[in-house]
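Residue numbers (the numbering used here), protein chains in the order written: chain H, 1 to 669; chain U, 1001 to 1480; chain C, 2001 to 2317; chain W, 3001 to 3220.
Shown next, in structure tokens, is the structure this report addresses.
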Amino acid sequence: MNVAYHAGFIAGSFILLAAISVPLTRFRNGSSVLYALAAVVSGLAMLSSMAALSRGVSLQAVLPFGLPGTGMRLELDALSAVFSIIVNLAAILASIYAVGYGRFDPAPRRVLPFYCLFLLGMNLVLIADDAFTFLLSWEFMSLSSWALVVSRHEEKENRDAGFLYLVMASFGTLALLFGFGILAGESGSYAFDLIRERQLTPFAASIAFLLVLIGTGSKAGLVPLHVWLPPAHAAAPSHVSALMSGVMTKVAVYGFIRVAFDLLGSPAWWWGTLVLVLGGVTALLGALFALMQDDLKKLLAYSSVENIGIVFVGLGLALAFEANGMNAAAAIAATAAIFHAFNHSLFKSLLFFGAGAVQHATGTRDLGQLGALIQKMPATAVAFLIGSVAISSLPPLNGFVSEWLTLQAILLSPELKDWGLKFAIPATGALLALSAALAGAVFVKAFGVGFLGRARSHAAIEAHETDRFSLAAMGAAAMLCVLAGIVPGLFVDGFAPAVALMTGAPMPDQSRLPWFTLVPMDVNRGSYNGLLLLLFILFTAYGAVIVIHQFVSNAIRRAPPWDCGYPDSRPQTQYTASSFAQPIRRVYGTLLLRARDFVTMPPPGHVRAATFRVEMRDLIWEKLYLPVSGSVLYAAEKLHPLQFQTIRRYLSLVFGLLVFLLTVLAIWL
Amino acid sequence: MRASLLLYATMLMPLAAAALLAALPAYRLSSLLNVFAALMTFAASCALLFERPAAGVYFLVDDLNAVFIVLTTFIGFTTSIFSASYIAHELETGKLTPLYLRFYHAMYQLLMFAMNLALLANNIGLMWVAVELATLTTVMMVGIYRTHESLEAAWKYFILGSVGIGLALFGTILVYLAAQPAVGEGLPAMTWTVLIANAAKFDAPLLNIAFVFLLLGYGTKAGLAPLHAWLPDAHSEGPTPISAVLSGLLLNVAIYALLRFKLLMAGNGEAFTPGPLMITLGLLSLLFAAFMLYPRRDIKRLFAYSSIEHIGIIAFAFGIGGAVANFAGLLHMTMHSLTKSAIFFTVGHIVQAKGTQRISGISGLASSHPMLAFAFALCVFAIAGLPPFGIFTSEFMLVTSTFAKNPWLAGLLGLGLIAGFGALLLKLQAMLFGEASKGSKEPTATLIPIFIHLAIVLMAGLYLPPPVVAWFQSVARMLG
Amino acid sequence: MALTALTIQFLQMLLVLALAPLLTGFVRMVKARLLRRKGPPLLQPYQDLLRLLGKHAVVAENASWLFRVAPYLIFGATWVAAALVPTFASGLIFSWSADLIGIIGLLATARFFLALAGMDVGTSFGGIGSSREMMIATLAEPAMLMIVFTLALIAGSTQLSVIAQVFAMDGVGLRVSLGLALVALILIALAENARIPVDNPATHLELTMVHEAMVLEYSGRHLAMIDLAAMLKLLLYVSLIGCVFVPWGIASPTSGPLGYILGLLLYPLKLVIGGVLLALFETSIAKMRVFRVPQFLGIALMLGFLGTLLLFVSRSF
Amino acid sequence: MRGIVFDIAHLLAGSLVLVSLIQLYQDRLTSLLRVFAIHAIVLALSVGWQAYIQGAPHLFATALLALGFKGIAIPLVLHRIVLRLGIHREIETVGGIGITMLAAVALIALSMVVIFKVTPGASTLAREDLAFALAVILIGLLMMVTRRNAVSQVVGFMSLENGLILAAAGAKGMPLVVEISVAFSILIAFIVIGIFLFRIRERFDSVDVSTLDRFRGGRQ
């Protein structure tokens, strides 16, 4: 099969769907039909990618579109195929979810066409084989997702999010344009094949690498280019948030891998260090910011920042290993990165689905308004719980496996010779562990405040379970999370061709090991078996239940909560989202967030209410973005009076320029 | 013979139509006639592509101007369609009287004539006359509403334009003087084909001085900063179809003239290279306009500044030179013309629908006029260089090739692009979103021309037909 | 061979379950004696557990299913983790299913559910406990991981059995890194097991409590499960310290029956020593404010990090 | 013979620059208009002389146009306008007249330096004549940017244009010179008596450009 068919099918179907979507919304179930069709198209695209991956060939095609002279080049190699599977799998889930969820959309015509185009854009990025097609699809993806972010434009918050998003996306694209400018050279050899053949000087290659890191990092949400991500992801409809957070960031990761590992050739030693440190910082800050959020979707979005950090740590390790010729270790690190990208696409989609269901059921995503949803939305709660466990990197689910692989890769790194790495890697390991622990806290907070406890608002009391399609999508995602956690070997083998393409050597074959054990190098170095752990835990826990209930007691008595003898029936006395975060805020926040608590207590005897206020400052926003936007506006303000000059002044400009040029002529030429 | 007939048709048809329209009192008929004449001119110019007359003493059709003549007549045609439905509304609201409408239509065709003449002229003097004529007709039209603002804009345009004309004339005379010893007196020393062929023999210092004057003269017409001052006001105060033509066509004509003279400079080995000068002015225009976009409060003036920005990019591209950048420059000119005129069409609709040109008075378009909002958003994204539109292609080529050659210049270019994009997006969102402002009249005018332009721009972003590519490439080679 | 290994694995599982309350009881006893009190009998924890198991479970009206499932899950995860730490023999047959990182992960899973359970009823004390527990975890887990790094880099493996063997057989010698790791591990063990000075296992109704606040609403068999899990955890940490830092006497798969018997004899001894040291430490120090805890754990983190860094750096020579 | 022919041409061109300087010196509108008339007459003489020595009779048309239109008609019309508007008293300048004069001298020097780069003998018109024309143009522009009054700006523009005509007429055998001069005359006619002035007078009390400027950017 030719990749042109693959591309043609995807492009044709999604464009067709986008075209019929607007008239289709006139019908009662029009949007459901459309989402179902989108799921089918994504499914076929995934199958096609799987077929290409299993056959182990890379398909190429040159279409007579695109840039004159270069053409639209497409290639579906193992790396593309793996990411195509990640993208389309999440797209299937999101579409199924939206079959149900999309019905409640107040303005489906602002979502549907762009949803199809967004999926198309992401798919095209993955199979682009020349710089033009790549950037065209890349920016198209940004544009279509922008339309989705602002689909609920009545709220100013969403508009602002959309603005920041698209400006940052364009900034990233500009960096990529520069980067590809170096890669393609003056003559404009934009085809990836030609780029691979070009021999860049180390300096040029490093500049290109940095630019591409900025370009793809801004899309992926690497600190400090992440500021757009939380508001944008929170603003979009939930199935789109799931795709943006779960998948679009992976497309960015793909872009980075494609350039850094494939196009640029052998890496310089410090590339890995830089990526590693950035990844570690991103993971830490992402988790910390996530913990400070009271908005469920923003919390999830910041958690995406964290996970992207983990992925980049893996990629940085892989680069460092590769630069030192340790291909086997590089393979482990790269596998960890891809695996984590895959895992994150699953559980982040799942969690956003859950958040969407909650938002629809209660009309809010403010954790302070939720509570006790586990009673009203039991199925959603189970799915959300599984997602929470998975994303907190807890065994035996999938998040732990990729984190574990990353740590295993870190443990191979003392062999590296570079001094920078010797300091950077242990530090990154600590940051990684810190962020994993913080992620645990984040999701105890999200699930504990949102789903447990007592309902904090009327809306939460009135909540109801979501529809079947949404549940099906969440269920499927949850199952996949469990599956990837207990049989990781299968997935690692699946990623092997892509890893081989990145690092020159895949991880050892895992399929022959008993009980689906995961052994990255040698069984004596370290191994992991999620299946057995799950079985053991279930066995012991269930055994305990059986034994106790059988032989001792199974009686239950319901009573009011004890609460150490101070029960208070008002739900307001519960721990809130921000009070949950308070200890951690006090530990880390004072330094990193400049968090300060302000408490005013009325003097004894007064009945005035006490007030409490938390002030947090985003230093990155203040030190990096505000100066930029401020100086742009300052320049604009300073130039503004030029609009109001008299004709004479304008003539003076002309006159001055003329005299200046004549003087130049007189003196120099 | 047929070919030269077509050539004359391209120019005389608008002239004849202008005379007829000046005499015709029935305005409905005259707007139809306007459309018809524009269509016929377009047809004739298309035919010119296939039957190209040999270069004469006065007229010339070659690769370079063939692009522009077709583009000009095409946009002239689509604008006339837009104008037909737009101007009727102006009459209803009493902004124009039938008498002025007659004048307007005549002037419109006269402008078409002038631009075609400027593009087809094989004579630097003739070209100069034509550009002057085009300027004067647009001055008339800018002032047609006779409000304080429009009169002021027209006056400003007129004065600055006249000075520009004067400077261009001096440059033209100097070119003649430089050529005269080499090719003899009289017409040959003003004929493009002769000039280009003998450029090497000309006196270089004289050419240098000439180019400075030409750059300033025609640069004023093109709206390069700091010679741009007339442009924003003229765009914002005149009737919208005229803004479309000004931005889409007249600026191109000026750039075309500059390109011709650049060719001449390139032909002479000793004359200075105009590249750096054009790059400097281009970057200046780009950066200046990009920042000026932020405080804009008038929608038409906003896009006028955007035109300055793009003219800057075009000048930059041609200044960089080389196969890739020249190609990008040509593509950018074409795409900018199509897109910017489409934008002004949409802006015309929006202003009619919302009854104001103030950006703050326009909000919630996406709710009140979804189709219009959609077209508007597409147009703005196209002009901002987002894919899959043609400007993305040209900016892609320009930015990548420049960065490989000269990263600092590309960095400045990128700064201008991103700053301009931010401003446009800010304003776009302000107008599209939020609560719909009052006054949701349905615009009467047709959206078809907008979508025709967008379709072409979209197609160019994805697929440039091989003949067009070959054509652009040969021109790019010609430009060096 | 496989049968022996399987037997040993099961023996180990039962052993830890059986010894866990005893260790807790022993520590309590020693503490009481140090305070010149008589204290409860050594086997009191067993009696407590049995009594709790027999009682009705009183569950708050608004508690969800998670509240009732969590104790068993916590117990299961902790038990599995404890069973994977070599106590008297290192050739555990299932040790490859989770290495040291996996064990930390399992404990984290248990903690996750405990924290959720603390928030389920929606009382203010539950929230306090959960949020503080997670705060402590954010420091303890990275520190623990740093210790793992140190051990794994020295032994060339994250497999606890392998680490124990390497440390027992080869002359690893005295290393600065190991010393740092030991101190860090002890600090973490104190924090993780809710011991003084981080938390007080013997009190309720104290504004600084952490662990007890989370389990305040539990009663009956649920409380028994959670208490047992806590005891297992204490045993786990003591065993861990024992198997890594005093690995002598742990039977390896190659050693004969004699080796196993030796291991079985030495293991309780290690527990006793550990217990006495813990009791001594606890009685000699005061409980600290909750917001001093981060500093306490920060020291552990720094020590662990320093140990790892030293290893990374020394590799180049 | 040839020597005297060219000397006369130089003399006329040089006196045009001189008149330009005198123009710049004027501080009253009426006297400015008078000097401008002289400027146009000198131009007409110069163009006529060129027509004679080049044997190009069509240039006589240009010379007549300059004489009749710019030398007589325009000054008269402007004079009437100035009187009617009552603005004949004085000219508001930017900066002092002395400084302006200094700038004008500098411009003349600049013109000389620039033009002397041109290869001698490259054109039939002597380089000096070209330099004079350039100087007249630059001084015209200078006048436009240093005068606040519309009438004097127009005068500045017209003297700029005179410089152009001088250069064009000096370019031997250049076609379209007459057409160009006619076109310019139309342009000036537009400026002076064209619809704009009428409209401006309809709507504004004076032709001071700054009055126009008051409305600039009203709508941004």
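Idealized CB from N, CA, C, for every residue including glycine.
The model shown is predicted, which means the values in this text are computed figures rather than measured ones.
Is there a Cβ of chain H sitting closer than 7 Å to that of residue i, yes or no?
i, result
"L2232 of chain C", "no"
"I2101 of chain C", "yes"
"S1341 of chain U", "no"
"P1025 of chain U", "no"
"V3145 of chain W", "yes"
"V3155 of chain W", "no"
"G3194 of chain W", "Caution applies to G3194 of chain W, whose pLDDT of 49 falls short of 50 and renders its modelled position unreliable; the model cannot decide the point."
"M2214 of chain C", "no"
Just checking: is the beta-carbon of residue i within a distance shorter than 7 Å of some beta-carbon in chain C?
i, result
"F400 of chain H", "yes"
"F580 of chain H", "yes"
Please identify the residue among the options whose C-alpha is closest to the C-alpha of residue i.
i, options, result
"T2158 of chain C", "H:V482, H:I410, H:R570 and H:V654", "H:I410"
"F451 of chain H", "H:G371, H:G420 and H:A128", "H:G371"
"F1050 of chain U", "U:D1062, U:M1040 and U:G1056", "U:D1062"
"T590 of chain H", "H:L183, H:D618, H:V499 and H:Y566", "H:D618"
"S95 of chain H", "H:M474, H:A331 and H:R456", "H:M474"
"R2289 of chain C", "C:A2115, C:M2209 and C:F2305", "C:M2209"
"L1099 of chain U", "U:Y1145, U:T1137, U:L1227 and U:L1428", "U:Y1145"
Please confirm whether residue i and residue j have their CB atoms less than 7 Å apart.
i, j, result
"F970 of chain U", "A1366 of chain U", "Absent from the model: residue 970 of chain U. The displayed extent of chain U is 1001 to 1480, so no value can be given."
"S675 of chain H", "I1418 of chain U", "Because chain H spans 1 through 669 in this model, residue 675 of chain H falls outside it and cannot be assessed."
"A1009 of chain U", "A1037 of chain U", "no"
"A18 of chain H", "V149 of chain H", "no"
I need the DSSP call for residue i, collapsed to helix, strand or coil.
i, result
"V2058 of chain C", "strand"
"F1211 of chain U", "helix"
"Q60 of chain H", "strand"
"I1481 of chain U", "No answer is possible for residue 1481 of chain U: the residues shown for chain U start at 1001 and end at 1480."
"I85 of chain H", "helix"
"M2209 of chain C", "coil"
"I556 of chain H", "strand"
"E615 of chain H", "strand"
"Y528 of chain H", "strand"
"L74 of chain H", "strand"
"L518 of chain H", "strand"
Rounding to the nearest angstrom, what Cα-Cα distance links residue i and residue j in this structure?
i, j, result
"W1128 of chain U", "L3187 of chain W", "14 Å"
"I2299 of chain C", "K348 of chain H", "34 Å"
"M1431 of chain U", "H1235 of chain U", "19 Å"
"L1462 of chain U", "Y1305 of chain U", "27 Å"
"I2188 of chain C", "D2199 of chain C", "12 Å"
Kindly indicate if chain U contains any beta-carbon less than 7 Å away from that of residue i.
i, result
"A3122 of chain W", "With a pLDDT of only 49 at A3122 of chain W, under the threshold of 50, the placement of this residue in the model should not be trusted; the figure read from the coordinates follows. So, interface residue."
Residue i CB to nearest chain W CB: under 7 Å?
i, result
"Y666 of chain H", "Note on residue identity: the sequence assigns Ala, not Tyr, to residue 666 of chain H. Yes, A666 of chain H lies at the interface with chain W (some Cβ there is under 7 Å from its Cβ)."
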